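For the sequence shown, the residue numbers in the numbering used here are 2 to 605. Since the structure comes first, as structure tokens, the remarks are kept for the end.
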Amino acid sequence: MRIAVPVAAAGLAAAVAGALLVSSANATPSSSPSLPALRAADSMPSQAVLEKRVAGALAGDDIAGRTAKKVSLSASTTPAHVDPKIIGGTTTTITTAPWMAQLWYYDEAKDIGFFCGGSVVSPTKILTAAHCTKDEYGNKYDWAANGSVVTRTAQLPTENSAGDVDLHGGMVTGVSRQWTHSSYSPSTINNDIAVLTLATPVTAKPILMTTSGDTASYASGTKATLYGWGRTTSTTQDISGTLKTATLPINSDSTCNTAMRSVLGGVDAFIEGHMVCAGTPASGSDTHTTSACNGDSGGPLVVKNAAGVNHIVGVVSWGVEDCVAKGAYSVFSKVSTYVGAAWPRVEDTNLNGDHKADLWIRSSSTKTGYEKDSNGTSFAARRSTGKLDGVNVVLQTDLNRDDYQDLVFRNSTTGDVYWSHVLPSTGATATDKIFTNWKTRTRIIAPGDLTGDGLPDILSVDSAGAMWEYPGKGNGTFSTRVQVSTGWSQYNSVRGHGDFTGDGKADLLARQSSTGDLYLYKGTGKTGSGAFSARIKVRSAWTGYNAFDAVGDITGDGKADFLARSSGSTGTLYLYAGTGKATSEIFSTRKSVGTGFQAYDIFG
């Protein structure tokens, strides 16, 4: 469902759009502007329905990824299963791990009920394991139809004799959509990573995934912390009613590979680079064993980095049955390998709420805005979003990380910059002024999260060519601006929305005015002068184009893409699908997505 809602600020208009508008600075605001249709707040089941799902899952005895017979890691009969408890752990509180989430799944029709752990990595995003979203045959668990997520409590829910569920102070919410790694293999438990999108934001404090370049966290002997509600003994299937934690040392790939091959009778189940193992060798019994087990699936393995910040380095993936076989380790998905694929699912806000970035354009003659939803390699027929006049910058972003499209736009007369955002509880739109008198800013960009804190930021270039970074606070306000660098006047286009290189960090693309050369500025996750690495030329003499756009991941493959309009009479718009490479091969061969785009003066 879609709704149209009015803007509260008189004399202003906004459009669902992306990076930078190209429009006359002399335009005057419309006297009666209308806000284009925005995606309505996702419907969420009632509290009663969500609690019923929790109750059903509580009574269930299935295991995520395996609802009937146990599935082995190979064609052999080796007892290696998706069987991830914290045995040997200690009780902890939710304040020590506020990001912890309980994932309850109950499909009444199929009589499936199970529990997984997860981590809040953004107000509407839960990082978990792929075997919590698909069964042993690769069939999808439908979390939107059957799932509930509980946060803000260290206690598992309990049910009284009347059937009422006590959440012990927790918050329960539904799931609106899910993403499972496209290469997840139920038979080998490879690429075991997934992201659930919640129907409404939660207030639990998020934790960040580690970066793709993180090697220190995986050094042998590094202390990592495991959290979960899984089994606390190998002798029963009961999971813990209270959050547990344990400290485990990271092991080298060679140690993990050798040990697990020995335990599994020669089966090569540990995949170096995709998996990491932690802990000390299990003793063969609960005594002297500290391990993850059933119920901990999808939960985090956390390392505090040199800056003292907790990051997820692993997601509980698999282990031997009953978790204590002598010499065995707990195995986790290696997050540094998957952050490039998972992060676009965390930062995937777009116009129609799927996993593909969409295009917004404005007619130069009528000032009517149009939305064109992505079909992956093309765009659907345009849909009017109403007349739009009096603005000359519009940015598509999600400043408050609520998974609904936000609009950042500049009044072409005053230069004031506004933020319009949906209020999911009512479906209404709030509009707030966030910057004053930015008339002389030559570029305004909303690239996503530059600083690595999980919150989107804003960039601007002033008339002297200096770029300034405004670190977002997640509520439409910003920390004190920090200068990134100078010399940006040499570019006639600076675009960016998302990650072009597949490392989980937002990047920029800039075209030089004099040569037409296109440069990549790789994001580093740092602030200020260290925000970008040295530029890399990725295209020479791109003089055949007169408009560019970067709205994120158009194809849905997890990599940011680029759009370029030809300067010829046909106004052909080309899609340059991202490859994730920080070289001249940064894009695949261009693909035309239509002609006639010379009729538009603003590209989202």
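Virtual Cβ for every residue (Gly too), placed ideally from N, Cα, C. Quantities reported herein were computed from a predicted structural model and do not represent experimental measurements.
Quick one: any contact between the stretch 484-491 and the stretch 554-563, if contact means 3 or more CB pairs under 8 Å? no
Take every Cβ of the stretch 372-389, pair it with every Cβ of the stretch 344-360, and state whether three or more of those distances are shorter than 8 Å. yes
Determine the DSSP secondary structure at Q484, reduced to helix, strand or coil. Position 483 of the sequence shown holds residue 484. If DSSP states are grouped into helix, strand and coil, Q484 belongs with the strands.
Meets three-Cβ-pair contact criterion under 8 Å: the stretch 98-112 and the stretch 160-167: no
Just to confirm my understanding: we take T596, look at its own chain, exclude 5 residues before and 5 after, and list those with CB closer than 7 Å. What are they? Within the sequence shown, the letter at position 595 stands for residue 596. If we look at T596 and ignore the five residues flanking it on each side, its Cβ neighbours are T571, G572, T573.
Excluding the 5 residues flanking S541 on each side, which residues of the same chain have their C-beta closer than 6 Å to its C-beta? Translated into positions along the sequence shown, residue 541 becomes position 540. D518.
Opening and closing residue of the beta strand (DSSP E) in which T256 lies: In the sequence shown, residue 256 corresponds to position 255, counting from 1. Careful: T256 lies outside any beta strand (DSSP E), inside the alpha helix (DSSP H) at 254-264.
May I ask you to list the residues that DSSP assigns as paired with Y371? The count along the sequence shown starts at 1 and reaches residue 371 at position 370. I362, S385.
Is it buried or exposed, D62, if we count other Cβ atoms within 10 angstroms and call 16 or more buried? Along the sequence shown, read from residue 1 onward, the residue named residue 62 stands at position 61. It is exposed - the Cβ of D62 has fewer than 16 other Cβ atoms within 10 Å.
Decide if E273 is buried, meaning its Cβ has at least 16 other Cβ atoms within 10 Å, or exposed. Numbered from 1 along the sequence shown, position 272 holds the residue referred to as residue 273. Looking at its Cβ environment, which holds fewer than 16 other Cβ atoms inside 10 Å, E273 is exposed.
Per DSSP, what kind of secondary structure is N493 in: helix, strand or coil? Residue 493 sits at position 492 when you count from the first residue of the sequence shown. The answer is strand: DSSP assigns N493 an E or B state.
To the nearest angstrom, how far is the alpha carbon of G175 from that of T338? Here residue 175 refers to the residue found at position 174 when the sequence shown is read from its first residue. Here residue 338 refers to the residue found at position 337 when the sequence shown is read from its first residue. Cα to Cα, the separation comes out at about 28 Å.
Given this structure, state the Cα-to-Cα distance separating Y520 from A511, to the nearest angstrom. To locate residue 520, count along the sequence shown from 1; it is residue 519. To locate residue 511, count along the sequence shown from 1; it is residue 510. Distance between the alpha carbons of Y520 and A511 is about 5 Å.
Here's a check: name, in chain order, each residue in its chain whose Cβ is nearer than 6 Å to the Cβ of P606, leaving out the five neighbours to either side. Examination of residue 606 is not possible in this model, given that the chain is present from 2 through 605 alone.
Start and end residues, alpha helix (DSSP H) containing S218: Here residue 218 corresponds to residue number 217 of the sequence shown, with the count starting at 1. S218 -> no alpha helix (DSSP H), and no H or E assigned at all.
Round the Cβ separation of T502 and G581 to the nearest angstrom and send it over; I've been treating them as touching at under 8 Å. Here residue 502 is taken as the residue at index 501 of the sequence shown, counted from 1. Here residue 581 is taken as the residue at index 580 of the sequence shown, counted from 1. Their Cβ separation, rounded to whole angstroms, is 6 Å, which keeps T502 and G581 in contact under 8 Å.
C-alpha gap between P187 and G320, whole angstroms: As a working note, residue 187 is residue 186 in the sequence shown. As a working note, residue 320 is residue 319 in the sequence shown. P187 and G320: Cα-Cα distance of roughly 14 Å.
Should S177 go down as buried or exposed, given a rule of 16 or more other Cβ atoms within 10 Å for buried? Taking the first residue of the sequence shown as position 1, residue 177 is located at position 176. Per the 10 Å Cβ criterion, buried.
Do you know whose CA, among A195, G391, T91, lies nearest S318's CA? Residue numbering aside, residue 318 sits at position 317 when the sequence shown is read from its first letter. The option with the nearest alpha carbon to S318 is A195.
Y339 lies in the alpha helix (DSSP H); which residues open and close that run? As a position in the sequence shown, residue 339 is number 338, starting the count at 1. Where Y339 is concerned, the enclosing alpha helix (DSSP H) stretches over 336-347.
Could you tell me whether the Cβ atoms of P207 and V122 are closer together than 8 Å? Counting from 1 along the sequence shown, the entry for residue 207 is found at position 206. Counting from 1 along the sequence shown, the entry for residue 122 is found at position 121. Yes, the pair counts as a contact, with Cβ atoms nearer than the cut-off.
Residues that DSSP places opposite H312 in a beta bridge: Here residue 312 refers to the residue found at position 311 when the sequence shown is read from its first residue. Partner(s): L209, V304.
For K126 and A664, the rounded distance between their alpha carbons: Because the chain spans 2 through 605 in this model, residue 664 falls outside it and cannot be assessed.
Can you give me the C-alpha to C-alpha distance between G453 and K474, rounded to a whole angstrom? Residue mapping note: residue 453 aligns to position 452 of the sequence shown, counting from 1. Residue mapping note: residue 474 aligns to position 473 of the sequence shown, counting from 1. Rounded to whole angstroms, G453 to K474 spans 12 Å at the Cα level.
Can you tell which of G242, N351, A551, S364 has the C-alpha that lies nearest to the C-alpha of G387? Position 386 of the sequence shown, counting from 1, holds the residue named residue 387. The option with the nearest alpha carbon to G387 is S364.
What are the start and end residues of each continuous beta strand (DSSP E) run of 3 or more residues lying completely inside the stretch 92-160, in chain order? 101-108, 113-123, 126-129, 148-152
What did DSSP end up calling R54 once you bin it into helix, strand or coil? By one-based count along the sequence shown, residue 54 stands at place 53. Correct three-state label for R54: helix.
Less than 8 Å between the CB atoms is what I'm expecting for R444 and S461, so what's the real figure, rounded? Here residue 444 is taken as the residue at index 443 of the sequence shown, counted from 1. Here residue 461 is taken as the residue at index 460 of the sequence shown, counted from 1. The Cβ separation is near 7 Å, so the contact holds.
Straight-line Cα distance separating G557 from V394: As a working mapping, residue 394 is identified with position 393 in the sequence shown. As a working mapping, residue 557 is identified with position 556 in the sequence shown. Rounded to whole angstroms, V394 to G557 spans 26 Å at the Cα level.
Can you tell me whether G66 is helix, strand or coil according to DSSP? Counting from 1 along the sequence shown, the entry for residue 66 is found at position 65. Coil at G66, not helix or strand.
Local Cβ density within 10 Å of N161, reported as buried at 16 or more and exposed below that: Within the sequence shown, residue 161 is the residue found at index 160, counting from 1. With fewer than 16 other Cβ atoms within 10 Å, it is exposed.
Which residue or residues does DSSP assign as beta-bridge partners of N191? Position 190 of the sequence shown holds residue 191. Its beta-bridge partners are S186.
Just mark L424 as buried or exposed, buried being the case when its beta carbon has 16 or more other beta carbons within 10 Å. What you label residue 424 is simply residue 423 of the sequence shown in a count that begins at 1. Result: exposed.
Using the Cα positions of L302 and G328, report the straight-line distance between them to the nearest angstrom. Here residue 302 refers to the residue found at position 301 of the sequence shown. Here residue 328 refers to the residue found at position 327 of the sequence shown. Going from the Cα of L302 to the Cα of G328 covers about 20 Å.
Close-in-space but distant-in-sequence residues of the same chain around Y219 (CB under 8 Å, 5 per side omitted): For the purposes of this step, residue 219 is identified with residue 218 of the sequence shown, where counting begins at 1. The residues are I251, V277, V314, K335, S337.
Excluding sequence positions up to five away, which residues of its chain have a Cβ less than 7 Å from the Cβ of T201? For the purposes of this step, residue 201 is taken as residue 200 along the sequence shown, with counting starting at 1. Excluding residues within five positions, the ones whose Cβ falls inside 7 Å are M45, T174, P425.
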